[in-house]
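Trainee: Here it is, the structure, as structure tokens.
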Amino acid sequence: MLASLSAMVQLELPHVNVLTKVDLLQDKCAIEKYLEPEAAMLLSDLDRSMPPRFARLNQAIAQLVDDYSLVNFLPLDISDEDSIQYVLSQVDNAIQYGEDADVKIKDEPEEWEGE
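Note that my numbering numbers the sequence shown so that position 15 is 58, with each residue one more than the last.
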């Protein structure tokens with residue numbers, strides 16, 4: 044998560060974070076809390092899994108994630124076509140694919156041409 048945030052801040056380019064290999068998970072609901080991480084949840088997980096001497100570091104990491112609140116992930120299940128389509132549409136949106144295409148207008152009636 045921190046590597047993703049660092050890349051976002053340093054590169055200043057549009058990008059999409061994709062969490063791959065979701066098709067290998069037994070319980071797909073278990074990753075929901077990691078797709079859009081919240082600082083409070085992150086802090087409690089870090090405090091539970093790390094020694095108390097890292098409490099200030101954990102607080103700083105949680106505050107950093109909360110300050111930017113930019114990090115989220117898209118799950119990619121290669122066996123699910125809807126999942127692939129969703130990731131593809133998010134990538135298209137991030138790079139603004141197709142926005143520079145000409146607008147197609149239906150032919151107007153001839154009565155408008157004379158004016």
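From the three backbone atoms N, C-alpha and C, an ideal C-beta is built for every residue, glycine too. Being a predicted model, the structure only gives us computed values, none of them experimental.
Less than 8 Å between the C-beta atoms of Leu48 and Tyr111, yes or no?
Mentor: yes
Trainee: Measuring straight from C-alpha to C-alpha, what distance separates Asp143 and Asn136?
Mentor: 12 Å
Trainee: Which residue comes first and which comes last in the alpha helix (DSSP H) that contains Ser49?
Mentor: 45-54
Trainee: Under 6 Å Cβ to Cβ from Ile121, same chain only, skipping five residues before and after it: list those, please.
Mentor: Asp66
Trainee: Among Leu113, Arg99, Leu62, Asp125, which has the Cα closest to the Cα of Glu81?
Mentor: Leu113
Trainee: Tell me, which residues are paired with Pro118 by DSSP?
Mentor: Beta-bridge pairing links Pro118 to Leu62.
Trainee: Give me the residue from Met93, Ser87, Arg96, Ile74 with the minimum Cα distance to Leu117.
Mentor: The option with the nearest alpha carbon to Leu117 is Ile74.
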